[in-house]
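Working notes for the structure below.
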């Protein structure tokens with residue numbers, strides 16, 4: 126586990142450009158900052174996007190600091206390439222880092238409590254002289270030339286050391302993290318960085334590889350992660366031979382060095398061994414270069430850590446419908462492209478090759494690209510048009526014209542305080558239908574009035590009528606898998622239409638059948654019952670007879686008995702102090718069924734074997750819990766969605782530069798329930814700007830950091 130006073134270096138890599146590597150690196154830096162690290166972000170992708178340009182984006186505005194010269198002269202932002210070419214290569218060493226302005230004129234000013242971005246700009250562009258041609262500061266030869274790459278690595282090591290000393294002298298007690306936004310491909314700098322970080326060992330040097338679902342990209346990244354582990358493994362095995370050879374046991378056994386082991390063996394022999402060394406520890410905590418190879422001087426019986434402890438693999442720019450599970454992708458082919466024969470590296474990073482890789486995926490959002498061009502964007506100037514004013518009036522009339530049924534009777538039943546009757550079920554259907562139409566009509570009107578560029582920001586899954594879609598898809602798959610394909614979806618009922626009597630019968634029977642099946646569950650029955658009403662409503666709104674027949678009735682009861690038992694079991698695991706502050710909706714929205722929990726509960730329920738083998742239960746569980754959470758909050762979610770639409774119009778009318786940062790806010794309020802409706806309104810009032818809502822990146826990177834043992 127990485128602790129206070131420690132340090133680590135993470136190289137974020139890709140095999141081709143344009144896969145979101147810089148965005149992934151910035152999100153990784155943000156998570157490290159949240160873990161109380163002092164963070165230096167080094168933009169080594171010299172021909173790609175300058176990471177320093179992202180600081181004007183609301184995503185990063187309040188948590189980043191672009192490193193500048195401490196004397197506040199007209200040089201402005203520090204440029205990684207200029208520091209390398211004009212200072213380091215001129216024999217002047219590297220600049221000192223300080224945390225207070227005006228202390229040293231030639232020093233670099235850092236901010237310990239922010240992400241310190243040292244950007245790279247290949248051209249020297251004087252903003253005050255547009256008539257002067259841009260000068261190339263540093264030719265891209267360092268990308269391809271091994272000698273330049275060697276010098277550049279020395280420069281990076283010296284810069285990291287200067288930053289670490291500045292943090293140590295600042296009034297803070299923070300560990301230090303260096304995030305290297307590496308150049309794509311495998312030339313020049315990239316292999317030099319890998320040599321450096323593997324010299325440090327897996328406890329210091331980490332690697333995050335970013336890929337896409339492109340076939341060639343998957344194949345090349347699969348080779349890359351295998352190659353990284355092979356490099357580290359080769360150094361480790363060579364070091365074991367060196368330690369055995371250095372012991373004078375009198376056997377004079379031959380070394381049997383392979384050709385590719387000889388160079389590293391000689392490096393070990395040339396270093397000075399410390400008399401006090403143990404595996405996985407640094408002899409000199411200030412040595413960032415790794416030249417002493419301390420990690421490899423551990424005891425001979427020590428084991429090399431698995432790849433998941435120092436590598437991570439993130440699949441970016443995935444179509445949203447694939448990430449959501451609406452579209453299936455060929456996981457066998459993805460696994461085949463990533464895996465190499467007789468290697469378990471990708472298995473260690475992603476899990477079973479037949480499994481679902483979606484937990485390591487980030488969906489594509491075209492609007493993320495705004496973060497790098499924020500400073501050059503503004504609304505086209507004009508005047509308040511009649512069309513915009515008309516759209517506002519239409520929205521007001523829409524809310525007055527479509528009254529929604531009262532919320533109280535529905536909430537009473539969903540929380541177990543009432544009983545299911547044909548009248549209540551009819552009210553529930555009317556309630557969901559009316560809320561859906563309110564949101565949908567508002568979006569239609571905006572489209573008709575020429576605001577399609579705004580309505581494209583609204584995700585279909587946010588709409589009230591779509592809360593059951595994932596559950597229905599999961600039920601369809603699980604029923605077809607088990608040989609019971611004869612079922613129907615419950616249609617939307619007209620406001621005056623009769624309630625389906627078979628649906629009513631099922632809703633009345635379901636709680637009793639579930640209760641009968643959970644009597645032996647490892648949680649109190651009273652606790653389980655708080656989850657039954659909302660689950661009954663989800664099932665009743667989704668499915669009708671004729672699926673409710675024998676012998677499926679027993680399997681059906683076991684199936685939903687397992688679901689509510691697992692929900693209650695997970696609820697009991699919440700710390701006592703968290704339960705009063707955690708709503709049922711928020712808990713359900715973030716709940717999931719692990720394989721360990723499924724195995725623990727599986728033997729108590731008579732489930733079809735194929736459900737368990739294919740992982741269908743986990744998918745159904747997540748879809749069911751999400752639908753329950755959405756149903757409990759449906760009225761407030763709809764009001765929040767309508768508020769977003771109206772706010773979009775208001776911003777457009779005021780000719781404000783409306784950029785699509787609402788997606789993260791809406792996702793966290795409506796779907797994930799990690800932000801309350803009140804807090805969501807406050808975020809919207811800020812003008813849709815927030816630096817903390819790249820949720821999918823966060824979810825994947827949190828898992829990777831936890832695997833690495835990088836804790837707060």
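Residue numbers (this note's numbering): 126 to 837. Cβ coordinates follow ideal geometry from the N, Cα and C atoms, glycine included.
Nearest residue (CA-CA) to residue i, options the options
i, options, result
"residue 745", "758, 686, 414", "686"
"residue 475", "461, 438, 455", "438"
"residue 560", "442, 766, 463", "766"
"residue 761", "287, 690, 446, 589", "589"
"residue 214", "482, 363, 283, 196", "283"
"residue 461", "552, 260, 347", "347"
"residue 324", "822, 770, 420", "420"
"residue 235", "246, 151, 194", "194"
"residue 635", "600, 650, 684", "684"
"residue 270", "316, 292, 303, 225", "316"
"residue 293", "305, 322, 223", "223"
"residue 342", "442, 417, 414", "442"
"residue 832", "771, 564, 433, 487", "433"
"residue 98", "666, 243, 233", "This structure cannot settle anything about residue 98, because the visible part of the chain is limited to 126 through 837."
"residue 415", "489, 485, 664, 329", "329"
"residue 552", "570, 428, 203, 531", "531"
"residue 630", "654, 649, 664", "664"
"residue 237", "298, 708, 431", "298"
"residue 301", "355, 309, 240", "240"
"residue 753", "489, 391, 457, 595", "595"
"residue 453", "365, 355, 338, 391", "338"
Where residue i falls: helix, strand or coil (DSSP)
i, result
"residue 437", "strand"
"residue 651", "helix"
"residue 163", "strand"
"residue 450", "coil"
"residue 635", "helix"
"residue 138", "strand"
"residue 354", "helix"
"residue 178", "helix"
"residue 234", "strand"
"residue 332", "strand"
"residue 132", "strand"
"residue 703", "coil"
"residue 835", "strand"
"residue 800", "coil"
"residue 719", "coil"
"residue 219", "coil"
"residue 189", "strand"
"residue 708", "coil"
"residue 768", "helix"
"residue 239", "coil"
"residue 417", "coil"
"residue 214", "coil"
"residue 540", "coil"
"residue 169", "coil"
"residue 459", "helix"
"residue 790", "helix"
Neighbour-count burial assignment, residue i, 16 or more Cβ in a 10 Å radius
i, result
"residue 201", "exposed"
"residue 784", "Low per-residue confidence applies at residue 784: pLDDT is 47, beneath 50, and the placement is therefore not dependable enough to give any value."
"residue 307", "buried"
"residue 394", "exposed"
"residue 548", "exposed"
"residue 747", "buried"
"residue 572", "exposed"
"residue 363", "buried"
"residue 912", "What the structure shows of the chain is the stretch from 126 to 837, and residue 912 is not part of that stretch, so it cannot be assessed."
"residue 822", "buried"
"residue 248", "exposed"
"residue 138", "buried"
"residue 697", "exposed"
Segments of 3+ residues assigned as beta strand (DSSP E) that fall wholly inside the stretch 241 to 323: 301 to 306
Are the stretch 354 to 372 and the stretch 144 to 164 touching, with three or more C-beta to C-beta distances below 8 Å? no
Decide if the stretch 214 to 221 is in contact with the stretch 180 to 189; the criterion is three or more beta carbon pairs, one per stretch, under 8 Å apart. no
Should the stretch 532 to 546 be regarded as contacting the stretch 652 to 668, the criterion being three or more beta carbon pairs within less than 8 Å? yes
Segment contact flag, the stretch 326 to 344 with the stretch 286 to 294, C-beta cutoff 8 Å, min 3 pairs: no
Stretch pair the stretch 686 to 701 + the stretch 711 to 722: three plus CB contacts closer than 8 Å: Judged by Cβ distances under 8 Å, the stretch 686 to 701 makes contact with the stretch 711 to 722, as three or more pairs qualify.
Answer yes if the stretch 140 to 151 comes into contact with the stretch 166 to 177, meaning at least three C-beta pairs across the two stretches below 8 Å, and no otherwise. yes
Write down every uninterrupted run of the alpha helix (DSSP H) in the stretch 544 to 598 whose length is 4 residues or greater and which is fully enclosed by it, in chain order. DSSP runs (the alpha helix (DSSP H)) wholly in the stretch 544 to 598: 547 to 573, 577 to 580.
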